[in-house]
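Residue numbers for the sequence shown follow the working numbering, beginning at 1291 and rising by one. Structure first, commentary second.
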Amino acid sequence: MRKIDVVREYVYKLILAVLIVVLIFDVFCGKRVVEISINPSVAMASLDSEEAGASSEGVSGENNQPVVDLKPSASSPDIEMLIREAFPEEPDKAVKIARCESQLSADRIGDNHLTFQHNGEMLGHSIGLFQIRTGGNEGGKVWSRPAKLGISVEQFVSDMLDPHKNISYARDIYDRVGWSAWTCAALIR
């Protein structure tokens, strides 16, 4: 193994270790320590180019997308204020849960691995700030929030992408079952 390969491997492992520590601190403490945008393919192309005596300028392409992007949403302070107003008895915990669930990104759609077709509509994904699930199929029993509200999944998703409606719906869930509906609640203090 060439010396440069050993150095690269060491640097990548070091970067990975730092990223893991930063992510753990961010999730468990709810504090943004650092904004990171790392693109290993650009770093690799730059190292290869420099070895060959070429310039690293002009490295671009679809493989050069950021692998890690922890930049908070531009409207995070406004969103935090809305969350704090909706949960006055536990404002810090509410913000931490929303941050853990969606990084305070109002347009976050997650849990795609839990989706399934039911009555011609896709259910199972989680939407918005508090990652409100559209429905589920636990133990063979299908449940659908849009059906319960008498609206389409498309309308429900649109509503949950609105920060005000998402926070309001999260408040309704909280009033019924507390924080137990959110996986992140068990991860934060």
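C-beta: ideal position from N, C-alpha, C; glycine also. Quick caveat: nothing in here was measured; it's all calculated off a predicted structure.
Residues near residue i in its chain [Cβ-Cβ closer than 8 Å; skip 5 each side]
i: L1419; result: I1369, I1373, A1388, E1391, S1392, L1394, S1395, A1396, R1398, P1453, N1456, I1457 and A1460
i: G1351; result: Unreliable placement is indicated for G1351, whose pLDDT of 36 sits below 50; no coordinate value is reported for it.
Rounded separation between residue i and residue j - CA only
i: M1371; j: S1434; result: 30 Å
i: A1476; j: H1403; result: 21 Å
i: V1308; j: N1409; result: 46 Å
Residue(s) in a DSSP beta bridge with residue i
i: V1432; result: N1427
i: M1412; result: Q1407
i: I1399; result: I1417
i: I1422; result: I1417
Own chain residues within Cβ distance below 6 Å of residue i, not counting five before or after
i: T1405; result: M1412, G1414 and H1415
i: H1449; result: Note that residue 1449 is Asp in the sequence shown here, rather than His. Excluding sequence neighbours, D1449 sits near K1455.
Same chain, Cβ closer than 7 Å to residue i, five either side skipped, listed in chain order
i: V1443; result: E1411, M1412, L1413, T1424 and P1436
i: A1471; result: I1463
i: G1468; result: none
Extent of the continuous alpha helix (DSSP H) to which residue i belongs
i: D1368; result: S1366 to A1376
i: E1444; result: V1443 to M1450
i: A1460; result: P1453 to V1467
i: R1389; result: P1381 to S1392
Distance cut-off 8 Å: residue i Cβ against heavy atoms of the ligand GTP
i: H1454; result: No copy of the ligand GTP appears in this structure; indeed no ligand is present at all.
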